[in-house]
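First residue of the sequence shown: 230, per the working numbering; consecutive thereafter.
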Amino acid sequence: MTQDELFKILVAHCKEYGFIFPSSEIYDGLGAVYDYGQLGVELKNNIKRYWWEAMTRLNENIVGIDAAIFMHPSTWVASGHVAAFNDPLIDNRDSKKRYRADVLIEDYLARIEEKIKKEVEKGRKRFGDAFDEEKFRETNPNVLREKAHYDEVHGRYLKAEQANDFAEYKQIILDCDIVCPISGTKNWTDVRQFNLMFSTQFGSTGEGANTVYLRPETAQGIFVDYINVQKTGRMKIPFGIAQIGKAFRNEVVARQFIFRMREFEQMEMEFFCKPGTEMEWFNKWKEARMKWHIALGMGAENYRFHDHEKLAHYANAATDIEFNFPFGFKELEGIHSRTDFDLGNHQQLSGKKLTYFDPETGESYVPYCVETSIGVDRMFLTVLSHAYRSETLENGETRVVLGIPAPLAPVKAAVLPLVKKDGLPELAQKVMDLLKYDFNCQYEEKDSIGKRYRRQDAIGTPFCITVDHKSLEDGCVTVRDRDTMSQERVAVDALHDMIDRKVSLGNLLRQL
Ligand code: GAP
């Protein structure tokens, strides 16, 4: 099965089991907007809790806020979003379809990389154990030709990106014979800028309506509240402010399910520090954020840093944490050293003093800032795409299982009376009452026990607890482990501690 097919199955699975639905589906949906269903919201909340506690509980100098989505329009002038939050767009005149010019070129480059990979794999098959990949890459004429072409196009693309040279974007597209995937033609318009912010009218027209924007990032809420938090919380530099909230971007190329959405959620933390110390904090946060990901146990080899070649005008260092999604390594989280760009600009435009007085040195300065920014939805996709697997069992049957890290699993335990009579449902309800105050549990009595196990595997429930006739006599139940499918008899009184050991968020946080 190709990764593409696997991804389609994952999307269908998300809908079938109540994780994610297309928004307003009865009206045929709305592009790149999704709803989280009954299980999706549980997983999403667990991801947010893991992030929130890791930031605000484990760090005494980080506090959280919840700023409004609507902000004064000047915010977005100061932040640079009104002038520069743009995508370079190109239309195909035949299909009337619109594309991001940079994405067309990046996809083209990815196809060259794919060709090189295939050529290397062919060589590996041909030469068997004697295959020397490095030598093959240095000498094979097909690989050398593709590599030279890649370097040429990549070099032109980087230069055009640095210079915002849209005429050159178009020229690269024409020179590389990049065609529209729908019409198959090269009948392209010029490349134009398109602002990604959604706007709406604030107040009635009678009282003079104002254009306001739906925030495209949560970070600016933190910057404009910086002075309030610093003063009321008596915060001393260095300190951080964390926030989780919705963000909105009118993405042109909205693809890959919840990877790129028009309405999404961000978890952002702005860490304010003394100018000159920002690189030390940048490196500390790089390390801390990678540790947060790896503690989930989804394989250190599935993450990598990607340092930015082109820095945004406000940044003096930037890196992405990339994850190995079914469609390749892609950005999951951004870590940026934003200097005093945001606070400095807000100070200038608002006329309000945003400096910090350092009681130890007697200096006043606008703090520098290191940002960590991750999309909740992208993290959700990371967890689900890693968790999904279809296994063939010893008896030839297949089972679909979501190996979600137990502390994030939407349902922690399912309580299953073997039959719907003989007092088993009553005992099962007692087990529910014992567990439900600390864990999200599901009670199920319909269908055979095997079918119920399969349903729980498919939603990633770490434990299935079966209450049978013997339970009435010995006060024990059968506990089945999702991952190993092994079963053991456990006293009802010992259930709580057993589940807690595996699903506890506290234990996960202790690894950080
Ligand atoms: N304040 C910095 C900022 O917003 P960004 O790289 O544009 O930086 C940060 O976004 C993170 O937000 C990304 O790494 C990604 O996880 C998430 N994100 C950005 N755009 C998104 C979209 N359209 N859909 C889903 N997640 C998105």
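For glycine and all other residues, C-beta sits at the position ideal for the given N, C-alpha and C. Since the structure is predicted, the reported quantities are computational estimates derived from the model, not experimental observations.
Residue range of the unbroken alpha helix (DSSP H) whose run includes residue i
i	result
residue 460	448–461
residue 673	Residue 673 -> no alpha helix (DSSP H), and no H or E assigned at all.
residue 387	370–392
residue 398	395–404
residue 317	Unbroken run through residue 317 is the beta strand (DSSP E), 315–320; no alpha helix (DSSP H).
residue 332	330–356
residue 729	724–732
residue 269	269–285
residue 654	653–664
Under 9 Å between C-beta atoms of residue i and residue j
i	j	result
residue 497	residue 471	yes
residue 382	residue 455	no
residue 191	residue 430	There is simply no residue 191 to check, as the chain begins at 230 and stops at 741 in what is shown.
residue 487	residue 246	no
residue 314	residue 424	yes
residue 585	residue 459	yes
residue 763	residue 640	This structure leaves residue 763 out entirely; the chain is present only between 230 and 741.
residue 261	residue 494	no
residue 746	residue 445	The chain is shown only over 230 to 741; residue 746 falls outside these bounds and no answer can be derived.
residue 319	residue 418	yes
Whole-angstrom distance between residue j and residue i, CA atom to CA atom
i	j	result
residue 681	residue 301	52 Å
residue 701	residue 658	13 Å
residue 538	residue 259	35 Å
residue 568	residue 501	9 Å
residue 763	residue 549	Here the chain comprises residues numbered 230 to 741, so residue 763 is not present and cannot be evaluated.
residue 403	residue 452	43 Å
residue 552	residue 590	42 Å
residue 410	residue 326	9 Å
residue 373	residue 348	11 Å
residue 579	residue 305	12 Å
residue 341	residue 637	38 Å
residue 650	residue 675	12 Å
residue 240	residue 510	38 Å
residue 581	residue 433	29 Å
residue 393	residue 312	13 Å
residue 515	residue 412	44 Å
residue 592	residue 513	25 Å
residue 375	residue 343	10 Å
residue 250	residue 708	32 Å
residue 504	residue 596	6 Å
residue 770	residue 271	A query on residue 770 cannot be resolved here, the shown segment of the chain reaching from 230 to 741 and no further.
residue 623	residue 711	16 Å
residue 324	residue 407	14 Å
Where the beta strand (DSSP E) through residue i begins and ends
i	result
residue 264	263–265
residue 600	597–604
residue 535	532–536
residue 249	249–251
residue 431	428–431
residue 742	Nothing can be reported for residue 742: it is not among the residues displayed for the chain, which extend from 230 to 741.
residue 708	705–710
residue 492	492–502
Local Cβ density within 10 Å of residue i, reported as buried at 16 or more and exposed below that
i	result
residue 689	buried
residue 563	buried
residue 357	exposed
residue 269	buried
residue 601	buried
residue 542	exposed
residue 287	exposed
residue 610	buried
residue 256	exposed
Residue-chain proximity (residue i, chain B), Cβ-Cβ < 9 Å
i	result
residue 291	No chain B appears in this structure, which consists of one protein chain only.
Three or more C-beta pairs below 8 Å linking the stretch 693–712 and the stretch 646–656: Three or more pairs of CB atoms, one per stretch, sit closer than 8 Å, so the stretch 693–712 contacts the stretch 646–656.
Segment contact flag, the stretch 290–300 with the stretch 464–481, C-beta cutoff 8 Å, min 3 pairs: With a cut-off of 8 Å, the stretch 464–481 and the stretch 290–300 count as touching, because enough Cβ pairs lie within range.
Touch test, the stretch 546–558 against the stretch 666–686, Cβ-Cβ under 8 Å, three pairs minimum: Judged by pairs of C-beta atoms under 8 Å, the stretch 546–558 does not touch the stretch 666–686, as fewer than three such pairs exist.
Sufficient close CB pairs (3 or more, under 8 Å) joining the stretch 350–366 to the stretch 384–403: Below 8 Å, too few C-beta pairs join the stretch 350–366 and the stretch 384–403 to call them touching: fewer than three.
Segment contact, 8 Å Cβ cut-off, at least three pairs: the stretch 275–283 with the stretch 367–383: These segments do not touch.
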